[in-house]
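Q:
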DNA sequence: GCCGTTTTCGGCCCGACTGTTTTCAGTCG
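Numbering (my numbering), first residue to last: 342 to 910.
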């Protein structure tokens, strides 16, 4: 049993206890144990003894016993019993934003609502607003949240899609000679609705026959044409499309079935469109299609019909940033705030990946929930950074690895950063981010960010909209005004590379380039493994046309230090 | 249920904001 499975079981137990009105401190004990177990980055919980378990902070005799029971028997009896007496629809309500355990319990026990559908009906006829502690506002919030959840149904975030796509691809490759990933996966979209694969085969019927025998594939969606298979894979709620194409025209089909309509509609030099040319005679490479159309070659990620040809007037694919161009990692957390690895672990791992510098940027004091740093903690961290840097310098005097002193400073409701200037002045750089009070109007949210950007201590604007993909929309902002202000105040825009965020949205990279605003691909890592999220950041950065030249963390350590010194007020 | 002792039980418990209240409980990051 994996660590996430064990942690999920404890969190589920805590949720169930909340629904059934258990003692609040008992609930805290379960969720607290889960929280602490989540911090074990290099230990298999399933292999631990009773003694090992109770030695973990927040895990006592009770929870340790439950974990052993879970590992041995596959479930916890108490949890199973609670599950049996809880309608699944009630548990689903935990996904709704704006209501928590107390309100869900009330909906269930007082109003007798046991399903999401029932909840929606009750909201629509106004009866939820009449419940104690509810009102028109909460009722509308529930309806909005349900509508949002419905709109996101059947979609996956890029990282989830990548994992599932690889599984399907592996299975297909065991059965067919040539399999190509097409569609959204090839364009590296931030969320994915359809996993699309092409199979080179002369007989679509033969392909269908083989597919029918693959156990992990289920064709439960009617196909409109015989060469397109539509269904589900590995019991996941996302559409999988497998298309048989003639081997002679696979490059043409791959091009057509990976490009967005807007891209295919691009007019060719001598009339017609890219689609028309791609649909004509067979080619052996995609480059040929662009050559025939008299258009510059566009990489698959950029084929969105979102300004890629205008971009190509000034740039070539060789200008685009790659992972290898990145020289440092700037937005990262350690155990000083809510990270899972110590400062030293974060630094040495970063160094061993071949980077020249690590920018640590733990949470600031307002982020109490994330153990944000009070000024005395800041001083303590800076002392430790000085020590580590001295060690790195001694170990490799020629080209020492370096930790830069950063902070992820909360942007308060009025746009102020949450330290006094004398504390802000002690950092090498500041990532300014919004974490609370997320329901602002476009005007207020923009004004708030503009104030933060104008602060002379702000180096980077962190995840500008606060969106969590498939989970919550970002607050609305006036992108143009924000990017213009970044240009004016020499502030870097973040591409937060966490697959949950990918914020700033890649669609605004072109405008940043136009205005001369550099972008930083930041993983927002909360553990050493979190660094790898930059893989997703690089994908969307390239998609938006980000060049190496305009990538902030493609600066070498020397260049970075010079920039930061000059930027400091 | 966990912790830390005052070794047998009492205390645990971020803080801003929202929407519902008419002084605060619930939710969130």
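We put the CB at the ideal spot given by N, CA and C, even for glycine. Bear in mind the structure is a predicted one, so any value in this text is a computation, not a measurement.
(1) Taking the DSSP output, what are the residues bridged to residue 573?
(2) For residue 596, tell me which candidate among 367, 473, 522, 513 has the shortest Cα-Cα distance.
(3) Tell me where the alpha helix (DSSP H) around residue 899 begins and ends.
(4) Taking all protein chains shown into account, do 16 or more other C-beta atoms lie within 10 angstroms of the C-beta of residue 897, making it buried, or fewer, making it exposed?
(5) Between the alpha carbons of residue 577 and residue 848, how many angstroms are there, rounded?
(6) Cβ atoms of residue 863 and residue 803: under 9 Å apart, would you say?
(7) Using DSSP with H/G/I as helix, E/B as strand and the rest coil, what is residue 431?
(8) Please report the straight-line C-alpha distance between residue 380 and residue 426, rounded to a whole angstrom.
(9) Quick check: the Cα distance between residue 942 and residue 775, rounded to an integer number of angstroms?
(10) Run through DSSP, which three-state label would residue 837 get?
(11) Is the beta carbon of residue 731 less than 9 Å from the beta carbon of residue 749?
(12) Looking at C-alpha atoms only, which residue of 752, 464, 525 is the closest neighbour of residue 641?
(13) I need the boundaries of the beta strand (DSSP E) containing residue 792, first residue and last residue.
(14) Determine whether the beta carbon atoms of residue 299 and residue 451 lie at a separation below 9 Å.
(15) Compute the Euclidean distance between the alpha carbons of residue 466 and residue 352, then round it to the nearest angstrom.
(16) Can you confirm whether the stretch 687-698 touches the stretch 755-767 when touching is taken to mean that 3 or more C-beta pairs between the two stretches lie within less than 8 Å?
(17) For the stretch 728-793, which segments carrying the beta strand (DSSP E) assignment without a break, of at least 3 residues, lie completely within its bounds, in sequence order?
(18) What residue does the beta strand (DSSP E) around residue 820 start on, and which one ends it?
(19) Where residue 858 and residue 443 are concerned, what is the direct C-alpha to C-alpha distance, given to the nearest angstrom?
(20) Measuring straight from C-alpha to C-alpha, what distance separates residue 527 and residue 599?
(21) Following the continuous beta strand (DSSP E) through residue 614, name the residue where it begins and the one where it ends.
(22) How big is the Cα-Cα spacing for residue 564 and residue 506?
(23) Just how far apart, CA to CA, sit residue 485 and residue 735?
(24) Just checking, does the stretch 534-552 make contact with the stretch 633-652 on the three C-beta pairs under 8 Å criterion?
(25) From residue 615 to residue 606, what distance separates their C-alpha atoms?
(26) For residue 884, does the count of other Cβ atoms within 10 angstroms reach 16, so buried, or fall short, so exposed?
(27) Taking the Cβ atom as the reference point for each residue, do residue 539 and residue 583 lie within a distance shorter than 9 Å?
(28) CB-CB under 7 Å to residue 663, same chain, minus the five flanking residues each way: which ones, in chain order?
(29) Under the DSSP definition of a beta bridge, which residues are partnered with residue 893?
(30) CB-CB under 7 Å to residue 545, same chain, minus the five flanking residues each way: which ones, in chain order?
(31) Alpha carbons only, please: which of 515, 660, 875, 369 is nearest the one belonging to residue 889?
(32) Any idea if residue 893 is buried or exposed, counting beta-carbon neighbours within 10 angstroms, 16 or more meaning buried?
(33) Identify, in the order they occur along the chain, each residue of the same chain with its Cβ nearer than 6 Å to the Cβ of residue 519, setting aside the five sequence neighbours on each side.
(34) DSSP three-state call for residue 332: helix, strand or coil?
(35) Within 10 Å of its beta-carbon, does residue 739 have 16 or more other beta-carbons around it, so buried, or fewer, so exposed?
A: Walking through what the data contain:
(1) Here residue 573 refers to the residue found at position 232 of the first chain. Residue pairing by DSSP places residue 573 opposite 559 in a beta bridge.
(2) In the first chain, the residue the question calls residue 596 occupies position 255. Sorting 367, 473, 522, 513 by C-alpha distance to the C-alpha of residue 596 places 522 at the top.
(3) In the first chain, the residue the question calls residue 899 occupies position 558. Residues 898-908.
(4) For the purposes of this step, residue 897 is identified with residue 556 of the first chain, where counting begins at 1. Taking all protein chains shown into account, residue 897 has fewer than 16 neighbouring C-beta atoms within 10 Å of its C-beta and is therefore exposed.
(5) Sequence index remark: in the first chain, residue 577 carries index 236 (1-based). Sequence index remark: in the first chain, residue 848 carries index 507 (1-based). Roughly 29 Å between the two C-alpha positions.
(6) Against the first chain, residue 803 aligns to sequence position 462. Against the first chain, residue 863 aligns to sequence position 522. Judged by beta-carbon spacing, residue 863 lies within the 9 Å limit of residue 803, meaning their Cβ atoms are closer than that value.
(7) Locating residue 431 in the first chain gives position 90, where the first residue counts as 1. Here residue 431 sits in helix by DSSP.
(8) Within the first chain, residue 380 is the residue found at index 39, counting from 1. Within the first chain, residue 426 is the residue found at index 85, counting from 1. In a straight line, the C-alpha of residue 380 is about 31 Å away from that of residue 426.
(9) Given that the chain is displayed from residue 342 to residue 910, the structure contains no residue 942 and the question cannot be resolved.
(10) The sequence position of residue 837 within the first chain is 496, counting from 1. In the three-state reduction of the DSSP assignment, residue 837 falls in the strand class, which pools E and B.
(11) One-based indexing of the first chain puts residue 731 at position 390. One-based indexing of the first chain puts residue 749 at position 408. Contact: no.
(12) Stepping through the first chain from its first residue, residue 641 is reached at position 300. Ranking 752, 464, 525 by Cα distance to residue 641 puts 525 first.
(13) On the first chain, residue 792 is found 451 positions in, with the first residue counted as 1. The continuous stretches of beta strand (DSSP E) do not include residue 792, which lies in the alpha helix (DSSP H) extending over residues 783-795.
(14) Since the first residue of the chain shown is 342 and the last is 910, residue 299 is not available in this structure.
(15) The residue you call residue 466 lines up with position 125 of the first chain. The residue you call residue 352 lines up with position 11 of the first chain. Distance from the CA atom of residue 466 to the CA atom of residue 352, rounded to whole angstroms, is 33 Å.
(16) Short answer: they don't touch.
(17) As far as the stretch 728-793 is concerned, its whole beta strand (DSSP E) runs of at least 3 residues are 743-751, 770-774.
(18) To locate residue 820, count along the first chain from 1; it is residue 479. First-last for residue 820: 820-830, but that is the alpha helix (DSSP H), not the beta strand (DSSP E).
(19) Residue numbering aside, residue 858 sits at position 517 when the first chain is read from its first letter. Residue numbering aside, residue 443 sits at position 102 when the first chain is read from its first letter. Near 46 Å, if we compare the C-alpha coordinates of residue 443 and residue 858.
(20) Locating residue 527 in the first chain gives position 186, counting from the first residue. Locating residue 599 in the first chain gives position 258, counting from the first residue. Taking C-alpha positions only, residue 527 is separated from residue 599 by approximately 6 Å.
(21) Residue 614 sits at position 273 when you count from the first residue of the first chain. Looking at the DSSP string, residue 614 is not in any beta strand (DSSP E), and its letter there is neither H nor E.
(22) As a first step, residue 564 is located in the first chain; it is residue number 223 there, counting from the start. As a first step, residue 506 is located in the first chain; it is residue number 165 there, counting from the start. Straight-line Cα distance between these residues: approximately 20 Å.
(23) Locating residue 485 in the first chain gives position 144, counting from the first residue. Locating residue 735 in the first chain gives position 394, counting from the first residue. Rounded to whole angstroms, the separation of the alpha carbons of residue 735 and residue 485 is 57 Å.
(24) Counting Cβ pairs under 8 Å, fewer than three are found: no touch.
(25) Taking the first chain and counting its residues from 1, one reaches residue 615 at position 274. Taking the first chain and counting its residues from 1, one reaches residue 606 at position 265. Separation of residue 615 and residue 606 (C-alpha to C-alpha, rounded to the nearest whole angstrom) is 6 Å.
(26) For the purposes of this step, residue 884 is taken as the residue at position 543 of the first chain. It is buried - the Cβ of residue 884 has at least 16 other Cβ atoms within 10 Å.
(27) Position 198 of the first chain holds residue 539. Position 242 of the first chain holds residue 583. Taking a C-beta distance under 9 Å as the contact criterion, residue 539 and residue 583 qualify as a contact pair.
(28) Numbered from 1 along the first chain, position 322 holds the residue referred to as residue 663. Excluding residues up to 5 positions away in sequence, 879 lie with their Cβ nearer than 7 Å to the Cβ of residue 663 in the same chain.
(29) Sequence index remark: in the first chain, residue 893 carries index 552 (1-based). According to DSSP, which records beta bridges pairwise, residue 893 is partnered with nothing at all.
(30) Counted from its first residue, the first chain places residue 545 at position 204. Answer for residue 545: 567, 568, 585, listed in chain order.
(31) Taking the first residue of the first chain as 1, we reach residue 889 at position 548. For the residues 515, 660, 875, 369, the minimum Cα distance to residue 889 belongs to 660.
(32) Position 552 of the first chain holds residue 893. Residue 893 comes out buried.
(33) Locating residue 519 in the first chain gives position 178, where the first residue counts as 1. Correct list, in chain order: 541.
(34) The structure shown does not extend to residue 332, since the chain is modelled only from 342 through 910, so no value can be given for it.
(35) In the first chain, the residue the question calls residue 739 occupies position 398. Exposed is the call here.
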